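One structure is given below, encoded as structure tokens.
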Amino acid sequence: MASTSSGPAASKQVTPGSGGIPVLLKAALPSIPVINSLPGVKKASPKGFTGLGYSRPPVTAERAHVEAYAQVCGFPSKDTVPLTYPHMLAFPLHMAIMTDAAFPAPAIGTVHLENAITAHRAIGVGEQLGVTARVGPAQPHPKGTTYVFSTEVRDTEGAVVWESESTYLRRGRGDDDAPSGSVFPPVTPNGIVWKLPADLGRRYAAVSGDHNPIHLYPLTAKALGFPRQIAHGMWSKARVVAALENRLPDAVRVEVAFKKPIVLPGSVELGTETTDDGFAFALSSPRSGAPHLVGATHAL
């Protein structure tokens, strides 16, 4: 069932396949002049876009995939999935939305600004889950327009066990009066430095399905304006959550804002501070102190 309404019943269904080059082409073609005006490639106008949703058939949190993800992101092996893992089940839906002709913004060049995850309980390895994602109309931003992708993960009884909001920016003519995003308390680095290898983006892509060229090789990243490949934003969030996970409750909200890209290979320094209901945290450059990621956790 297809629709551009943002209501819960208005969604398309997708069965995630092999991804790879076909998906990358669908993501890239709308960014190429002339080609982006062809039928089947041309994007809809933001003015007429009211929303779009996708769902997938029930999916199982398979142990082999959970453990591969946990290893890349620094989580221990457990009988419950890492807090950030359900994003792996939702990512194919985000890509399906972004590569749908009805969605106004090309996937390539759209920047992940913020992510907020709310876990209502721990999810067991082997659980069968229903996953839906939807996005609403464009919202004004000082640097362009943003789109908020909302994801729900339900158990076999229909209860929401995990949800998230991912905010993506499409740069362009902005609105100086629009909100620029979430604000988090400053955090002092605590001396924990992680050295990140050059192949980190490729390793994370292998488990996440996010093969955006900016994360893979120096040549592919330079073609899109970066000096070298950069780490995935959701990897950086997962790595911080992994460092905190034994101190977080099962029911928790974790919000982050992505700042400066992490160039690979490279190093980042962790900072954490306790708050009334959780932690404030940051990843920053050990040399300059410039933030790569800032955020906070809140017990529910």
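Numbering (UniProt numbering) for the sequence shown: 1 to 300. Yeah, the Cβ is synthetic: ideal placement off N, Cα and C, and Gly gets one too. Predicted model only: the values in this text are computed from it and were never measured.
Residue i (DSSP reduced to helix, strand or coil)
{"i": "Pro137", "result": "coil"}
{"i": "Pro46", "result": "helix"}
{"i": "Val34", "result": "Unreliable placement is indicated for Val34, whose pLDDT of 42 sits below 50; the coordinate value is still reported in the next sentence. DSSP places Val34 in coil when its eight states are reduced to three."}
{"i": "Ser5", "result": "Because the pLDDT at Ser5 is just 39, under 50, the model does not fix this residue reliably, and the value given afterwards should be weighed accordingly. Correct three-state label for Ser5: coil."}
{"i": "Leu83", "result": "coil"}
{"i": "Leu300", "result": "coil"}
{"i": "Ile21", "result": "Its pLDDT being 48, under 50, Ile21 is placed unreliably in this model, and the value from its coordinates should be taken loosely. Three-state result, Ile21: helix."}
{"i": "Ser288", "result": "coil"}
Nearest neighbour of residue i, chosen from the options [CA to CA]
{"i": "Ala206", "options": "Thr60, Val153, Ser45, Cys73", "result": "Cys73"}
{"i": "Pro57", "options": "Lys78, Arg154, Val256, Pro82", "result": "Arg154"}
{"i": "Glu152", "options": "Gly144, Val161, Thr145", "result": "Val161"}
{"i": "residue 302", "options": "Asp176, Leu83, Ile262", "result": "With the chain represented from 1 up to 300, any question about residue 302 goes unanswered, as that position is not in the structure."}
{"i": "Arg203", "options": "Val59, Thr275, His65", "result": "His65"}
{"i": "Glu257", "options": "Ser236, Arg228, Asp276", "result": "Note on identity: in this sequence residue 257 is Ala, with Glu being the wrong assignment. Taking only the C-alpha atoms, the option nearest Ala257 is Ser236."}
{"i": "Thr132", "options": "Arg287, Ala105, Met95, Ser45", "result": "Met95"}
{"i": "Leu248", "options": "Thr297, Leu89, Glu255, Leu113", "result": "Thr297"}
{"i": "Arg228", "options": "Glu114, Asp199, Arg253", "result": "Asp199"}
{"i": "Met234", "options": "Thr50, His292, Ala138", "result": "His292"}
{"i": "Leu264", "options": "Ser288, Gly201, Gly126", "result": "Gly201"}
{"i": "Arg173", "options": "Ser166, Glu163, Thr145", "result": "Thr145"}
{"i": "Thr275", "options": "Gly289, Ala299, Val135, Arg134", "result": "Ala299"}
{"i": "Val254", "options": "Asp277, Ser284, Pro261, His232", "result": "Asp277"}
{"i": "Leu129", "options": "Leu113, Pro137, Tyr85, Ala138", "result": "Tyr85"}
{"i": "Ser166", "options": "Leu113, Pro218, Ser284", "result": "Leu113"}
{"i": "His232", "options": "Leu219, Lys222, Pro213", "result": "Pro213"}
{"i": "His120", "options": "Val252, Asp79, Ser288, Thr220", "result": "Val252"}
{"i": "Ser164", "options": "Ser284, Ala116, Pro261, Asp250", "result": "Ala116"}
{"i": "His87", "options": "Asp79, Thr99, Ser150, Asp100", "result": "Ser150"}
Cβ neighbours of residue i in the same chain (closer than 8 angstroms, five flanking residues each side left out)
{"i": "Val187", "result": "Gly271, Thr272, Glu273, Ala280, Phe281, Ala282, Val294"}
{"i": "Asp175", "result": "Pro140, His141, Pro142"}
{"i": "Pro286", "result": "Pro189, Val193, Ser267, Val268, Glu269"}
{"i": "Ala243", "result": "Gly74, Ile192, Leu270, Thr272"}
{"i": "Pro45", "result": "This sequence places Ser at residue 45; Pro is not what is there. Around Ser45: Pro104."}
{"i": "Arg63", "result": "Val125, Gly126"}
{"i": "Pro185", "result": "Glu273, Thr275, Ala280, Ala296"}
Residue interval of the alpha helix (DSSP H) (run including residue i)
{"i": "His65", "result": "63 to 73"}
{"i": "residue 346", "result": "Lying before the first or after the last residue shown, residue 346 is absent from the chain, which here runs from 1 to 300."}
Endpoints, the beta strand (DSSP E) within which residue i is located
{"i": "His112", "result": "111 to 119"}
{"i": "Thr167", "result": "160 to 171"}
{"i": "Glu152", "result": "144 to 154"}
{"i": "Val59", "result": "52 to 60"}
{"i": "Phe279", "result": "279 to 284"}
{"i": "Lys78", "result": "Where Lys78 is concerned, there is no enclosing beta strand (DSSP E), given that its DSSP letter is neither H nor E."}
{"i": "Val193", "result": "192 to 196"}
Cβ-based neighbour list, residue i, same chain, cut-off 6 angstroms, excluding 5 preceding and 5 following
{"i": "Gly266", "result": "Leu196"}
{"i": "Val111", "result": "Leu169"}
{"i": "Ile97", "result": "Leu52, Tyr54, Phe103, Val135"}
{"i": "Asp250", "result": "Arg121, Ala122"}
{"i": "Phe226", "result": "Ile214"}
Neighbourhood of residue i by C-beta distance below 7 angstroms, restricted to the same chain and skipping five residues each side
{"i": "Phe91", "result": "Ser208, Gly209, Asp210"}
{"i": "Lys259", "result": "Pro291, His292, Leu293, Val294"}
{"i": "Gly48", "result": "none"}
{"i": "Ser77", "result": "Glu67, Ala70"}
{"i": "Gly289", "result": "none"}
{"i": "Tyr217", "result": "Gln229"}
Task: Contained beta strand (DSSP E) runs [length at least 3] in the UniProt domain "MaoC-like" (202 to 267), N- to C-terminal order - done: Whole beta strand (DSSP E) segments, 3+ residues: 252 to 258.
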